[in-house]
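Student: Attaching a single structure in structure tokens format; questions to follow.
Chains as they are written, first to last, in the numbering used here: chain A, 336 to 898; chain B, 3 to 405.
Here it is in structure tokens:
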């Protein structure tokens with residue numbers, strides 16, 4: 336039976352864009368359905384950011400607000416109340432991360448960091464088995480070695496800058512190829528801190544500062560310029576030096592894929608033979624339409640994907656769709672150092688410490704990454720808060736104010752951690768009783784970190800305190816509430832990958848156990864999350880899935896990263 | 003290029019390396035001049051918000067390419083010292099006509115625009131140009147001399163240098179001390195290659211040719227590809243009737259003053275204050291070069307800390323002193339003889355002594371010179387000068403204070 340397309344892809348974030356590009360390049364007819372609006376030009380979005388204070392329709396931190404999109408494809412990034420979160424007696428039981436619904440997805444405002452998962456992250460259960468390991472921790476159905484060539488492929492596609500020597504065998508997780516370009520040079524602050532902590536120990540673990548790999552050009556690459564240190568990677572890189580998925584959306588379209596924006600997918604039909612072909616969507620004009628395809632790929636992130644599957648009643652014979660929602664627990668800590676380190680220049684973070692990501696301790700508590708940041712106390716309102724204090728309380732004006740501001744702001748340091756969250760069946764995405772303007776249900780979210788994760792957060796906070804002590808910081812602020820955390824924006828879990836159809840949603844090829852022509856890509860398929868930023872793993876899995884989809888279609892998908 | 007087609011001796015090779023050093027150095031200055039000329043803010047006029055975003059992207063590309071030229075110069079110095087030479091940092095002052103080097107393209111200080119981009123494309127042209135480029139058609143505009151497009155590429159020069167490193171006896175050739183080689187540990191260039199034998203020499207040459215000029219294959223991500231893309235974007239704006247004016251109206255080939263005797267056919271800045279700033283720029287630039295050359299010349303083992311210190315200060319000079327002063331000069335009037343034009347840095351190399359081998363004396367000479375320059379900077383900053391010039395002067399004084 337002839338269908339409209341070989342492949343329909345729901346969502347144009349990094350996962351959907353990579354799959355679309357590879358399949359279109361292989362000759363498949365591909366349609367991408369994107370719920371968000373067509374992006375205005377980058378310069379228009381940067382302009383919106385720059386003028387946000389003066390524009391009542393915008394907020395300072397989001398150049399992405401759009402009235403029409405926010406009504407028809409609302410997202411938690413801009414629409415308060417989009418998440419239906421039941422009130423809990425635990426004040427920390429709140430899911431805090433958000434996302435974008437637009438062409439290119441949340442990569443528009445991501446930080447750009449691309450560390451890989453470690454070998455042990457794929458084997459959490461078998462490596463750290465024991466009474467203290469949370470019950471819902473599992474092994475992935477694939478290994479580090481299975482994914483390693485696809486990591487290289489993803490690094491090539493996204494354009495990752497990094498130091499091969501520093502990362503070539505981190506925790507027994509070797510790299511088979513160098514990064515496509517050399518690392519982003521460490522900031523002055525990174526170098527100063529490294530001089531004071533590198534090689535020192537905390538509770539038996541040595542600090543080792545490494546340049547953080549990032550999808551940010553350190554040279555001319557893929558037609559995009561090198562990073563020029565504009566320092567506004569979040570919310571938007573003004574010159575496109577930082578990778579975002581609009582790159583691969585563009586490549587997919589150039590290779591022949593169609594991109595239909597403002598099309599909110601509402602349902603995927605299940606056929607009598609167990610396959611899925613018919614994808615229904617609603618336009619912003621409230622017109623209901625549908626298309627058919629041989630293969631359907633859902634790439635709508637770890638909240639919108641389970642929401643769509645639940646609304647459609649597909650892929651859920653296990654009853655596990657929406658379960659095991661995860662993020663990383665992020666915490667920022669602050670100090671003033673004796674010397675001027677000149678923050679607020681270059682990317683917000685250029686170096687980090689991986690030493691605490693892995694070890695036997697993971698039998699009883701979570702691992703974590705540490706980031707050295709170049710953004711002073713901006714998370715605490717600097718430099719505006721400093722100006723208010725200096726003028727309002729200390730009555731400084733003129734040159735004296737300028738000197739005092741310079742002296743203080745130039746010595747501000749932020750250190751942060753990103754703590755592994757363990758999977759927990761109670762943490763879920765379900766369907767809410769409330770609906771949006773198109774009549775589609777909001778996501779109902781239940782989330783509370785486990786004791787395992789909180790133990791990791793406590794250890795991370797202690798470690799950051801030790802680091803501040805080693806660098807001679809004063810006015811150290813580790814936060815009053817030991818359980819307080821921020822969302823990392825790393826939304827994962829909810830459509831677990833696994834070999835057992837009764838306990839997982841997709842198989843090792845990311846194919847639905849229930850529908851052999853339905854694939855799910857994105858962070859939703861992660862069984863566990865380790866502590867690295869997830870985007871590179873999302874991209875690597877997507878490229879691997881594209882290869883399998885291509886095989887199923889019979890097209891000749893060729894990976895640039897593979898012989 | 004201007005040397006024999008087969009390399010017979012160390013002398014031949016050193017001569018070619020000096021030519022490469024001159025070219026890398028001169029071309030970097032030319033790129034920096036164009037980069038300094040790009041407007042920073044809409045308030046400078048001549049561009050819309052959208053056009054300003056283009057300018058930001060172009061500036062990032064041009065400064066990046068210039069920084070890679072500096073890396074190339076450093077690699078050429080490592081190649082030179084590996085075979086017993088000393089780092090060559092001299093070059094003829096601007097402008098030099100198209101006959102001076104077999105590039106058949108002028109070396110000039112010219113603000114950003116189609117003409118300067120055209121020259122940059124010619125400098126960076128790969129040996130194997132893709133026919134799809136239609137380069138002649140693209141660059142033949144405004145009656146420019148068509149023959150100028152026929153030129154020898156820098157790739158040929160590096161191919162010749164590589165042949166020398168391949169052909170001359172390896173055991174006899176590499177007489178420089180391995181510890182004299184500058185690495186990324188000593189200077190903040192990630193891709194520094196210490197040259198100790200034939201293999202590392204070829205790796206250093208490949209690093210240069212892969213990144214930019216002289217690359218054998220035509221690639222969008224090379225310097226050449228980037229300049230062609232910028233050229234087309236600018237041409238496209240002009241063809242669509244835009245009044246886009248991305249660059250400050252900087253004069254051509256400035257020099258700080260006639261009395262400085264640069265020897266080249268430059269245009270001395272007439273405005274007295276701008277001339278003083280340009281003079282300070284040249285002096286800072288010259289000191290920076292001397293500190294770098296000293297660091298590359300002497301065995302790092304014997305003066306490791308000082309080499310690292312000199313390299314650090316020299317690199318610090320670039321963004322904190324030369325960049326703001328260079329940009330600031332382009333906001334100052336050039337003088338009555340140049341109506342409507344602003345000044346610019348001449349990158350003038352005037353008479354000076356090289357730093358002595360003795361580390362203590364070299365340190366003393368630098369310290370004294372820095373103090374002198376800091377005093378000049380303080381005097382200049384007390385005048386009404388553009389903010390970037392003030393910033394550069396302040397940084398120079400800070401560096402001198404902590405040296």
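Don't be surprised by glycine CBs; every beta carbon is placed ideally from N, CA and C. On a predicted model such as this, the values are computed, not experimentally measured, just so you know.
Quick one, are the C-beta atoms of residue 476(A) and residue 843(A) less than 8 angstroms apart?
Tutor: For residue 476(A) and residue 843(A), yes; Cβs fall inside 8 angstroms.
Student: Anyone know if the C-beta pair for residue 39(B) and residue 280(B) falls short of 8 angstroms?
Tutor: no
Student: By the 9 angstroms beta-carbon criterion, what residues does the segment 225–240 of chain B contribute toward chain A?
Tutor: The segment 225–240 of chain B vs chain A, Cβ under 9 angstroms: 225, 227, 228 and 231.
Student: Check each candidate in 781(A), 790(A), 442(A) and 769(A) and name the one with the smallest Cα separation from residue 428(A).
Tutor: 781(A)
Student: Please classify residue 687(A) as buried or exposed, where buried requires at least 16 other C-beta atoms within 10 Å of its C-beta.
Tutor: buried
Student: Taking 8 angstroms as the cut-off, decide whether the C-beta atoms of residue 103(B) and residue 27(B) are in contact.
Tutor: No, these two residues do not count as a Cβ contact at 8 angstroms.
Student: Is there a Cβ from chain A that is less than 8 angstroms from the Cβ of residue 399(B)?
Tutor: Not one chain A Cβ lies under 8 angstroms of residue 399(B).
Student: From the DSSP output, which residues share a beta bridge with residue 541(A)?
Tutor: 536(A)
Student: Name the chain C residues that come within less than 8 angstroms of residue 377(A), Cβ to Cβ?
Tutor: The displayed structure is made up of protein chains A and B, and chain C is not among them.
Student: Please classify residue 671(A): does DSSP put it in a helix, a strand, or coil?
Tutor: strand
Student: For residue 576(A), which residues in chain B fall below 9 angstroms Cβ to Cβ?
Tutor: 59 and 62
Student: Taking only the alpha-carbon atoms, compute the straight-line gap between residue 884(A) and residue 444(A) and give it to the nearest angstrom.
Tutor: 29 angstroms
Student: What residues in the segment 354–381 of chain A have a beta carbon less than 9 angstroms from any beta carbon of chain B?
Tutor: 376, 377, 378, 379 and 381
Student: Closest Cβ-Cβ distance between residue 43(B) and chain A: below 8 angstroms?
Tutor: no
Student: I need the DSSP call for residue 338(A), collapsed to helix, strand or coil.
Tutor: Residue state, collapsed to three classes: coil.
Student: On the three-state DSSP scale, how would you describe residue 930(A)?
Tutor: Past the boundaries of the shown model lies residue 930(A); chain A is included only from 336 to 898, so the question cannot be answered.
Student: In this structure, does DSSP put residue 373(B) in helix, strand or coil?
Tutor: helix
Student: According to DSSP, residue 821(A) sits in a beta bridge with which residue or residues?
Tutor: 665(A)
Student: Out of 855(A), 851(A) and 346(A), point me to the one whose CA is closest to residue 593(A)'s CA.
Tutor: The residue with the shortest Cα to Cα distance from residue 593(A) is 346(A).
Student: Which residues in the same chain as residue 175(B) place their Cβ atom closer than 7 angstroms to its Cβ, once the five residues preceding and following it in sequence are excluded?
Tutor: 12 and 85
Student: Could you tell me whether the Cβ of residue 190(B) comes closer than 8 angstroms to any Cβ of chain A?
Tutor: Answer yes: the Cβ-Cβ gap between residue 190(B) and chain A drops below 8 angstroms somewhere.
Student: Check the Cβ-Cβ distances between residue 560(A) and every residue of chain B, and say whether any is below 8 angstroms.
Tutor: yes
Student: Note down, in chain order, each residue of its chain lying with its Cβ closer than 6 angstroms to the Cβ of residue 823(A), except the 5 sequence neighbours on either side.
Tutor: 662, 663, 665 and 753
Student: So what does DSSP say about residue 193(B), is it helix, strand or coil?
Tutor: Correct three-state label for residue 193(B): coil.
Student: Could you spell out where the alpha helix (DSSP H) holding residue 562(A) opens and where it closes?
Tutor: Premise fails: residue 562(A) is in no alpha helix (DSSP H) and is neither H nor E.
Student: Within 10 angstroms of its Cβ, does residue 57(B) collect 16 or more other Cβ (buried), or is it exposed?
Tutor: With 16 or more other Cβ atoms within 10 Å, it is buried.
Student: Is it the case that the Cβ atoms of residue 574(A) and residue 589(A) are separated by a distance below 8 angstroms?
Tutor: no
Student: With a CB to CB cut of under 8 angstroms and the five nearest residues on each side skipped, what residues in its chain are close to residue 683(A)?
Tutor: 446, 566, 568, 569, 708, 709 and 710
Student: Going along the chain, which residues of the segment 320–343 of chain B sit with their C-beta nearer than 8 angstroms to a C-beta in chain A?
Tutor: none
Student: Only counting runs of 4 or more residues, tell me where the alpha helix (DSSP H) segments fall wholly within the segment 315–383 of chain B, in order along the chain.
Tutor: 325–331 and 361–383
Student: Output the distance between the C-alpha atoms of residue 33(B) and residue 69(B), rounded to the nearest integer angstrom.
Tutor: 9 angstroms
Student: Buried or exposed: residue 47(B), going by 16 or more other Cβ atoms within 10 Å of its Cβ?
Tutor: exposed
Student: Exposed or buried, which one is residue 866(A) when buried takes at least 16 other CB atoms within 10 Å?
Tutor: buried
Student: What ranges does the alpha helix (DSSP H) occupy inside the segment 687–747 of chain A, keeping only unbroken runs of at least 4 residues that lie completely in it?
Tutor: Within the segment 687–747 of chain A, the runs of alpha helix (DSSP H) that reach at least 4 residues and sit entirely inside it are, in chain order, 719–723 and 733–744.
Student: Of the residues that make up the segment 635–649 of chain A, which ones have a beta carbon closer than 7 angstroms to any beta carbon in chain B?
Tutor: none
Student: Look at the alpha carbon of residue 400(B) and the alpha carbon of residue 375(B), and state the distance between them as a whole number of angstroms.
Tutor: 11 angstroms
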